[in-house]
Amino acid sequence: MNKKNKKFELELERTAKCAEMLKILGHPMRLCIMRGLIFVGECNVSHMQEYLQIPQSTISQHLAKLRAAGLIEGVRDGVEVHYHVVSEEAERLVRCLFSS
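Once you know that position 23 of the sequence shown is 11 in our numbering, the rest is easy, because the numbers rise by one and skip nothing.
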């Protein structure tokens, strides 16, 4: 495989990764959760539920998808789990989307 083909292949892999991230962030509630975690900071499901006014089970489903995609992580503190963003690429994208 020559250099051009190798570079093109790497770009295809990166493009596929970006498309998957956009797919995950394409849901308004997940985008809202990410925005909150980035601009407000780490928080737990109870805090998100209070702010978003949706059932805890719905928030948990969205958090599971964000976790599975490697965009966020949860840290257990007793009975609570505090979530924060771990994907720098996702954070840059969300900041760009919501910059003035």
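Just so you know, even glycine gets a beta-carbon here, dropped at the ideal spot from N, CA and C.
Query raised in the report: Is Met9 closer than 9 Å to Ala52 when the C-beta atoms are compared?
Result: no
Query raised in the report: Around the Cβ of Arg18, are there at least 16 other Cβ atoms within 10 angstroms (buried) or fewer (exposed)?
Result: buried
Report task. Specify whether the segment 31 to 47 and the segment -2 to 8 touch according to this definition: at least 3 beta carbon pairs, one from each stretch, less than 8 Å apart. Result -> no
Query raised in the report: Grouping DSSP H, G and I as helix and E and B as strand, with all else coil, what is Gly24?
Result: helix
Query raised in the report: Looking at the unbroken alpha helix (DSSP H) that takes in Val33, where does it start and where does it end?
Result: Val33 to Leu40
Query raised in the report: Where Tyr39 and Val33 are concerned, what is the direct C-alpha to C-alpha distance, given to the nearest angstrom?
Result: 10 Å
Query - Under the three-state DSSP convention, the category His15 falls into - result: coil
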